[in-house]
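Have a look at the structure below before the remarks.
There are 6 protein chains.
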Amino acid sequence: MFSVNVRDHFMIAHSFRGDVFGPAQRLHGATYVVDATFRRANLDADGIVIDIGRAADALRTILGELNYRNLDDEEQFAGVNTTTEALAKVIADRLAEDVDGLGLDGLAVTLRESHVAWASYERAL
Amino acid sequence: MFSVNVRDHFMIAHSFRGDVFGPAQRLHGATYVVDATFRRANLDADGIVIDIGRAADALRTILGELNYRNLDDEEQFAGVNTTTEALAKVIADRLAEDVDGLGLDGLAVTLRESHVAWASYERAL
Amino acid sequence: MFSVNVRDHFMIAHSFRGDVFGPAQRLHGATYVVDATFRRANLDADGIVIDIGRAADALRTILGELNYRNLDDEEQFAGVNTTTEALAKVIADRLAEDVDGLGLDGLAVTLRESHVAWASYERAL
Amino acid sequence: MFSVNVRDHFMIAHSFRGDVFGPAQRLHGATYVVDATFRRANLDADGIVIDIGRAADALRTILGELNYRNLDDEEQFAGVNTTTEALAKVIADRLAEDVDGLGLDGLAVTLRESHVAWASYERAL
Amino acid sequence: MFSVNVRDHFMIAHSFRGDVFGPAQRLHGATYVVDATFRRANLDADGIVIDIGRAADALRTILGELNYRNLDDEEQFAGVNTTTEALAKVIADRLAEDVDGLGLDGLAVTLRESHVAWASYERAL
Amino acid sequence: MFSVNVRDHFMIAHSFRGDVFGPAQRLHGATYVVDATFRRANLDADGIVIDIGRAADALRTILGELNYRNLDDEEQFAGVNTTTEALAKVIADRLAEDVDGLGLDGLAVTLRESHVAWASYERAL
Chain A
327 MFSVNVRDHF
337 MIAHSFRGDV
347 FGPAQRLHGA
357 TYVVDATFRR
367 ANLDADGIVI
377 DIGRAADALR
387 TILGELNYRN
397 LDDEEQFAGV
407 NTTTEALAKV
417 IADRLAEDVD
427 GLGLDGLAVT
437 LRESHVAWAS
447 YERAL
Chain B
327 MFSVNVRDHF
337 MIAHSFRGDV
347 FGPAQRLHGA
357 TYVVDATFRR
367 ANLDADGIVI
377 DIGRAADALR
387 TILGELNYRN
397 LDDEEQFAGV
407 NTTTEALAKV
417 IADRLAEDVD
427 GLGLDGLAVT
437 LRESHVAWAS
447 YERAL
Chain C
327 MFSVNVRDHF
337 MIAHSFRGDV
347 FGPAQRLHGA
357 TYVVDATFRR
367 ANLDADGIVI
377 DIGRAADALR
387 TILGELNYRN
397 LDDEEQFAGV
407 NTTTEALAKV
417 IADRLAEDVD
427 GLGLDGLAVT
437 LRESHVAWAS
447 YERAL
Chain D
327 MFSVNVRDHF
337 MIAHSFRGDV
347 FGPAQRLHGA
357 TYVVDATFRR
367 ANLDADGIVI
377 DIGRAADALR
387 TILGELNYRN
397 LDDEEQFAGV
407 NTTTEALAKV
417 IADRLAEDVD
427 GLGLDGLAVT
437 LRESHVAWAS
447 YERAL
Chain E
327 MFSVNVRDHF
337 MIAHSFRGDV
347 FGPAQRLHGA
357 TYVVDATFRR
367 ANLDADGIVI
377 DIGRAADALR
387 TILGELNYRN
397 LDDEEQFAGV
407 NTTTEALAKV
417 IADRLAEDVD
427 GLGLDGLAVT
437 LRESHVAWAS
447 YERAL
Chain F
327 MFSVNVRDHF
337 MIAHSFRGDV
347 FGPAQRLHGA
357 TYVVDATFRR
367 ANLDADGIVI
377 DIGRAADALR
387 TILGELNYRN
397 LDDEEQFAGV
407 NTTTEALAKV
417 IADRLAEDVD
427 GLGLDGLAVT
437 LRESHVAWAS
447 YERAL
C-alpha cells in the first residue's frame, strides 16, 4: 500500500458542551496542523498516488472554509461538539468527496492541536 | 476509525544482556518520549474517543512508576531485557487495564528513544 | 553563556483590529506552543541555570492565567492587539518577575502558532 | 504487533516526465529523510524486533547506493518516474531482501521530502 | 528584541567543486526547509514586527526563483559553490532588500537540509 | 554571521546530588540529542563555515567517549553534577579544542533531553 501526505493548518475559536471538557467549555481556540494522507494499492501511470499539488489545493480549500472562524457561530456545527476527532472526520469526508473517482483506496486526516496531543480519522474510499 | 494521542516522557537507566546489544550491555540510560494512541470506531456521546485529560493522567501515572529509575533494580523486570519494544508493550498493557470498559477498540504505544529511532506496540482492546 | 529551555502550551480565542490582519480580524483562535529560555553566564552551586521543575511550574502558572480564554474579554488586554509577538513579551515579563533574584542574566519566550510561523521576545534580567 | 523504526537520509537530483509534474519536470533535487519501520508479531529471544544496529546499517547501505546521485542517469531507473512514492517502494523492496529470514512480518518505508509532504510504501514480509 | 519567523521550502539540484566535498562533487540535490526570521527592537502601531502575510509572500517569491532548478545552470551562481551557508546569505540579502524601509533591525535565514544538518546567515538591517 | 549545525545523540546513566533535583537524585538516565553549531563571520575559500563531514566526525568522536556509560562511574566527572547544562559545556569545550585553528569565531552546543526541555552552552573561539 502506498501513501502520500500533505500538511497545512487552520486557526479557529470554539467551545465545548459537557462536563468532561472542564475549562474547555469556555470560548477558547486552537491551531490545528492538518496531515491529509491518501492511500492507494498501486501507483497510477505517472507513478504517483495523487498529484501532490491537487491534494494540497483540495486540503487548502477545505481548511479555508474553517480558517479564522468561531465554529460556535457556524450553522454546519449547530448542536455538535467540534472536538479534534470530530473535525478530523469532517475534513476527511470532504476530502473523500473531492478525490472521488481518482482511484484512491483510503485516506486519513490527523489534526495536531499541540506538541502533546492530536487526533485522527481514517476511512476507506 | 478514530484515534486520539497524548504525549509524555520518562527517563531511566538500564543495561541489556546479549551480544547483539554491543556497548549497550553497559549500564546506560534513555529518555523515552511516549505517544499513547487510543482507537475507537465511533465517537461517544460527547464527540470524543476518550477524555484527553483522563488519557494524559493515565499515561503520567504509568510512566511515573518507571521514571527516574534504574530498571535493572526493578523486580518486575528481573530476567527481562527492557528494550524499547518490550517497554512499549508493558506500557500499552497497563494502559489497556486502565481504560478497560470505556468502549475503546485498540491502542498503540510508541517510545521515541532518539531523533533517529523508536519502537511501538499496538493491540486490540 | 548557558541556557535552559522548558516547553508548554496554551489555547485561546482572540481577534485583531487593523486592516493588515485581513481575515484574522474575525474572532478565531490559536494554540501557542511556548518555549521559555533562561540564560545565565555561570552555573550555580548545583551546576544548573535554574531548577527546571521551578521553571516549568512558573511557566505553567503564567500560561494557566491565559489558557482556555477569549483574550478579547480580558481586561488586561483592552485596546491591545494580542499578537504572537505581544503575547511573547507579556509572558516574558511575567516570567522575569517570577525569577527575579535567582541570578539569571536574560530570558527569551517563543510562541509557535503553527508549523510555519512563530514569534519571540528576548530581554535582559 | 511490534514495530522498530530507524531514520537516515539521502540527497539526489532528478526530473519527472508528465504534465502533472509542472515545474518539477525540470532537473531539480530533494533531500529524503527516510524512516524504515520493521514489524513483527512477537519479539525474538533477545526481546527485540530486529537488531537496531543491523537495521540502521542495512538502511545506510541501501541509501548509499542512491545518495549524491542524479537519478536521471541511473540505469536502474530508466523510463521510470522516480517519485517519492516509487522510491519508497524501491527502498522497501531492497530492505525486504536484506532482512529475509529474520522472522519479520512486514515493513514500511516513509520518505519525507519537506516539512509538508511525504510518501510511504508498506508491505508484508 | 522581538522576532517573527515564517517557514517555506525549495528543492534544487547542484554540485560542488573542491575535494572537501567528496561525493557531493557529483550532481545531486536537496530540499531546503527555510526559516526567515525578522527582528525588531519595538513593535509597530499594529503590535507586530512585520505583516506575517507580507513576510511569507516575500519569502515565497524569492524561493520561487530558485525552486525546481539546477543551480549549476544559473548564471547568478557561476563560479560559486552554492553551499547551504552561501544560499542562506543569498536569500537573506534578497529579503533585506524586500523589507527595506519597514523599520526592521535585523534578519536571519536558516536552511535545513536534513534532520541532522542546517546552516544560517544573520545580518543587521 | 554564518552558522552550520550538525546533530547526533548519546545515551547515558547518571544521578544528581542536591535536594533541588528531587527524584532525579536516584540513578536514572537520558538520551541527549546534541546540536553542535559552528559560527564564522566569513566563509572560507570553499564557501563553507566548516567541512560538515569533519564537524560530524568531531562530534561523533566526542559523544562516543560518553555514550552508553554511567557518568557516575567516570573519573572525569567525580564530584560534579552532570546536568544537561554542564554536559553542554564539556562537549562545547572539547569541540573547541578539536576545531582550533580552523578560523571559526564561536560555537554552541544544545542538548535536548526530551520534547519539552533542553540546555545550551555557547562560547567564542
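Residue numbers (the numbering used here), protein chains in the order written: chain A, 327 to 451; chain B, 327 to 451; chain C, 327 to 451; chain D, 327 to 451; chain E, 327 to 451; chain F, 327 to 451.
Positions of the beta carbon are idealized from the N, C-alpha and C atoms, including for glycine.
Would the segment 438-446 of chain E and the segment 349-364 of chain E be scored as touching if the rule is three or more Cβ pairs under 8 Å? Contact between the segment 438-446 of chain E and the segment 349-364 of chain E is established, with three or more Cβ pairs separated by less than 8 Å.
With a threshold of 16 other CB atoms inside 10 Å of the CB of residue 411 (chain B), please say whether the residue is buried or exposed. Here residue 411 (chain B) corresponds to residue number 85 of the second sequence, with the count starting at 1. Residue 411 (chain B) comes out buried.
Establish whether the CB of residue 466 (chain B) and some CB of chain F are separated by less than 7 Å. Lying before the first or after the last residue shown, residue 466 (chain B) is absent from chain B, which here runs from 327 to 451.
Spell out whether any CB of chain C is found under 7 Å from the CB atom of residue 359 (chain F). Here residue 359 (chain F) corresponds to residue number 33 of the sixth sequence, with the count starting at 1. With 7 Å as the cut-off, residue 359 (chain F) does not count as an interface residue toward chain C.
With a threshold of 8 Å, are at least 3 pairs of Cβ atoms found where one atom belongs to the segment 443-451 of chain B and the other to the segment 328-336 of chain D? In short, these stretches touch, since the Cβ pair count reaches three.
Quick one: is residue 333 (chain F) near chain E, going by C-beta distance under 7 Å? Looking up residue 333 (chain F) in the sixth sequence gives position 7. At a cut-off of 7 Å between C-beta atoms, residue 333 (chain F) counts as an interface residue with respect to chain E.
Measure the C-alpha to C-alpha separation of residue 425 (chain D) and residue 376 (chain D) and round it to an integer number of angstroms. One-based indexing of the fourth sequence puts residue 425 (chain D) at position 99. One-based indexing of the fourth sequence puts residue 376 (chain D) at position 50. Taking the straight line from one Cα to the other gives about 9 Å.
Looking at the C-beta of residue 327 (chain B), does it have a partner C-beta in chain A at a distance below 7 Å? Start at 1 with the first residue of the second sequence, and residue 327 (chain B) comes out as number 1. Closer than 7 Å to some Cβ of chain A, the Cβ of residue 327 (chain B) qualifies, so yes.
Would residue 373 (chain F) be called buried (16 or more neighbouring beta carbons within 10 Å of its own) or exposed? Position 47 of the sixth sequence holds residue 373 (chain F). Counting C-beta atoms within 10 angstroms of its own C-beta, residue 373 (chain F) has 16 or more neighbours from the protein chains shown and is therefore classed as buried.
Where does residue 272 (chain B) fall in DSSP's three states? Shown here, chain B extends from 327 to 451; a query on residue 272 (chain B) therefore has no answer.
Using a Cβ-Cβ cut-off of 7 Å, state whether residue 338 (chain D) counts as contacting chain E. Numbered from its first residue, the fourth sequence carries residue 338 (chain D) at position 12. By this cut-off, residue 338 (chain D) is an interface position.
Residues of the segment 384-407 of chain E whose Cβ lies closer than 9 Å to any Cβ of chain F, in chain order: Taking 9 Å as the Cβ-Cβ cut-off against chain F, the residues of the segment 384-407 of chain E that qualify are 406, 407.
Beta-carbon separation of residue 339 (chain D) and residue 396 (chain D) under 7 Å? Position 13 of the fourth sequence, counted from the first residue, corresponds to residue 339 (chain D). Position 70 of the fourth sequence, counted from the first residue, corresponds to residue 396 (chain D). Yes, Cβ-Cβ distance for residue 339 (chain D) and residue 396 (chain D) is below 7 Å.
What is the C-beta distance between residue 381 (chain E) and residue 332 (chain E), in whole angstroms, given that I count them as a contact (C-beta under 8 Å)? Along the fifth sequence, one-based indexing puts residue 381 (chain E) at 55. Along the fifth sequence, one-based indexing puts residue 332 (chain E) at 6. Right, the Cβ-Cβ distance comes to about 5 Å (below 8 Å), so this counts as a contact.
Can residue 341 (chain F) and residue 398 (chain F) be called in contact, C-beta distance under 7 Å? The residue labelled residue 341 (chain F) in the question sits at position 15 within the sixth sequence. The residue labelled residue 398 (chain F) in the question sits at position 72 within the sixth sequence. At the C-beta level, residue 341 (chain F) and residue 398 (chain F) come within 7 Å of one another.
Local conformation of residue 357 (chain F) per DSSP, three classes: The sequence position of residue 357 (chain F) within the sixth sequence is 31, counting from 1. Three-state DSSP puts residue 357 (chain F) in a strand.
Does the beta carbon of residue 373 (chain E) sit closer than 7 Å to a beta carbon anywhere in chain C? Locating residue 373 (chain E) in the fifth sequence gives position 47, where the first residue counts as 1. It does; some Cβ of chain C falls within 7 Å.
With DSSP as the reference, please indicate the residues paired to residue 447 (chain C) in a beta bridge. Indexing the third sequence from 1 puts residue 447 (chain C) at position 121. Residue pairing by DSSP puts residue 447 (chain C) in a beta bridge opposite C:435, E:328.
Pair within 7 Å by beta-carbon distance, residue 336 (chain E) and residue 433 (chain E): For this step, residue 336 (chain E) is matched to residue 10 along the fifth sequence. For this step, residue 433 (chain E) is matched to residue 107 along the fifth sequence. No. Outside cutoff.
Partner residues on chain B for residue 445 (chain F), Cβ-Cβ distance less than 7 Å: Reading the sixth sequence from its first residue, position 119 is the one you call residue 445 (chain F). Simply none; closest approach about 13 Å.
According to DSSP, is residue 362 (chain F) part of a helix, a strand, or is it coil? By one-based count along the sixth sequence, residue 362 (chain F) stands at place 36. DSSP, reduced to helix, strand and coil, places residue 362 (chain F) within a strand of the structure shown.
Should residue 343 (chain E) and residue 430 (chain E) be called a contact, given that it needs their Cβ atoms to be closer than 7 Å? Working through the fifth sequence from its first residue, we reach residue 343 (chain E) at position 17. Working through the fifth sequence from its first residue, we reach residue 430 (chain E) at position 104. Not in contact: residue 343 (chain E) and residue 430 (chain E) (Cβ atoms no closer than 7 Å).
Could you tell me whether the Cβ of residue 425 (chain D) comes closer than 7 Å to any Cβ of chain B? Residue 425 (chain D) sits at position 99 when you count from the first residue of the fourth sequence. Not an interface residue.
Who are residue 412 (chain E)'s beta bridge partners in DSSP? Here residue 412 (chain E) refers to the residue found at position 86 of the fifth sequence. Bridge partners of residue 412 (chain E) according to DSSP: none are assigned.
How about residue 378 (chain D) and residue 420 (chain D): are their beta carbons less than 7 Å apart? Walking along the fourth sequence from the start, residue 378 (chain D) turns up at place 52. Walking along the fourth sequence from the start, residue 420 (chain D) turns up at place 94. Cβ distance not < 7 Å, so residue 378 (chain D) and residue 420 (chain D) don't count as in contact.
For residue 396 (chain C), list the residues DSSP reports as bridge partners. In the third sequence, residue 396 (chain C) corresponds to position 70, counting from 1. C:339, per the DSSP bridge assignment.
Proximal residues to residue 408 (chain E) (C-beta, below 6 Å), its chain only, five neighbours per side dropped: Here residue 408 (chain E) is taken as the residue at index 82 of the fifth sequence, counted from 1. These residues qualify, in order along the chain: 340, 397.
List, in order along the chain, the chain D residues whose C-beta lies closer than 7 Å to that of residue 378 (chain A)? Counting from one through the first sequence, the residue named residue 378 (chain A) turns up at place 52. Within chain D, the residues 443 have their CB atoms less than 7 Å from the CB of residue 378 (chain A), given in chain order.
Below 8 Å on the Cβ atoms is my contact criterion, and I expect residue 334 (chain F) with residue 386 (chain F) to pass it. Report the Cβ-Cβ distance as a whole number of Å. Taking the first residue of the sixth sequence as 1, we reach residue 334 (chain F) at position 8. Taking the first residue of the sixth sequence as 1, we reach residue 386 (chain F) at position 60. Yes, they are in contact, since the Cβ atoms of residue 334 (chain F) and residue 386 (chain F) sit about 6 Å apart, within 8 Å.
Taking C-beta pairs closer than 8 Å, name the residues in chain C that residue 411 (chain A) reaches, listed in chain order. Counting from one through the first sequence, the residue named residue 411 (chain A) turns up at place 85. Neighbours of residue 411 (chain A) in chain C, taken as residues whose beta carbon is under 8 Å from its own, are absent, since the nearest beta carbon is some 16 Å off.
Considering only the alpha carbon of each residue, which of C:353, C:371, C:350 lies closest to residue 347 (chain F)? Within the sixth sequence, residue 347 (chain F) is the residue found at index 21, counting from 1. Relative to the Cα of residue 347 (chain F), the nearest Cα in the group C:353, C:371, C:350 belongs to C:371.
DSSP three-state call for residue 380 (chain B): helix, strand or coil? Looking up residue 380 (chain B) in the second sequence gives position 54. Residue 380 (chain B): helix per DSSP, three-state reduction.
Identify which residue in D:444, D:369, D:355, D:350 has its Cα closest to the Cα of residue 406 (chain B). The count along the second sequence starts at 1 and reaches residue 406 (chain B) at position 80. Ranked by how close their Cα comes to the Cα of residue 406 (chain B), the residues D:444, D:369, D:355, D:350 have D:369 in first place.
Give me the Cα-Cα distance between residue 391 (chain C) and residue 414 (chain A), rounded to the nearest whole angstrom. Numbered from 1 along the third sequence, position 65 holds the residue referred to as residue 391 (chain C). Numbered from 1 along the first sequence, position 88 holds the residue referred to as residue 414 (chain A). If I take the Cα positions, the gap works out to 29 Å.
Count the other CB atoms within 10 Å of the CB of residue 355 (chain E); is the residue buried (16 or more) or exposed (fewer)? The residue given as residue 355 (chain E) occupies position 29 in the fifth sequence. Buried.
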